[in-house]
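Here the structure is laid out as structure tokens; the discussion comes afterwards.
In our numbering, the protein residues as written are 7 to 144.
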């Protein structure tokens, strides 16, 4: 993990430009929000996640996060079927502000076409450069 302009970027993950990360775990992926996203939203007070067995599509919304600042769509970084949701995040959405890469993951998805869709995501090095560019835009 490194910090880029005050935002954590973790190695071994892929990142979307919609502020989500995925971790490949065998035939599945774990999905969460980035440190950049949780800091931009500030105090997260509510999470709406899809039901298990729901199909999600890359770059399309599947739920929402509500903060004291705004309501934001959750945009799927990959297409697939939801196999698990983090019920702890539903009960304790504030965990997203405390540990977005750890205990506050959102979904586990069985992807439909991961190898093709990875081309639309950023690896660690690209994510570091992207975070630098985001910081310069402020």
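Virtual Cβ for every residue (Gly too), placed ideally from N, Cα, C.
Helix, strand or coil: how does DSSP classify residue i here?
{"i": "residue 100", "result": "coil"}
{"i": "residue 42", "result": "helix"}
{"i": "residue 113", "result": "strand"}
{"i": "residue 57", "result": "coil"}
{"i": "residue 73", "result": "strand"}
{"i": "residue 26", "result": "strand"}
Just to confirm, are residue i and residue j a CB contact at a threshold of 8 angstroms?
{"i": "residue 136", "j": "residue 23", "result": "yes"}
{"i": "residue 138", "j": "residue 10", "result": "yes"}
{"i": "residue 117", "j": "residue 84", "result": "yes"}
{"i": "residue 70", "j": "residue 57", "result": "no"}
What do you get for residue i, buried or exposed, if any count of 16 or more other CB atoms within 10 angstroms of its CB means buried?
{"i": "residue 96", "result": "exposed"}
{"i": "residue 128", "result": "buried"}
{"i": "residue 39", "result": "buried"}
{"i": "residue 101", "result": "buried"}
{"i": "residue 108", "result": "exposed"}
{"i": "residue 41", "result": "buried"}
{"i": "residue 59", "result": "exposed"}
{"i": "residue 122", "result": "exposed"}
{"i": "residue 86", "result": "buried"}
Per DSSP, which one or two residues make a beta bridge with residue i?
{"i": "residue 136", "result": "Answer by DSSP bridge pairing: none, since residue 136 is not bridged."}
{"i": "residue 87", "result": "61, 116"}
{"i": "residue 79", "result": "70"}
{"i": "residue 5", "result": "Residue 5 lies beyond the stretch modelled for the chain, which goes from 7 to 144, so this question has no answer here."}
For the stretch 41-57 and the stretch 70-83, state whether three or more C-beta atom pairs, one from each stretch, are separated by less than 8 angstroms.
Touching, yes.
On the three-pair Cβ rule with 8 angstroms, is the stretch 29-36 touching the stretch 49-64?
Contact fails: fewer than three Cβ-Cβ distances are below 8 angstroms.
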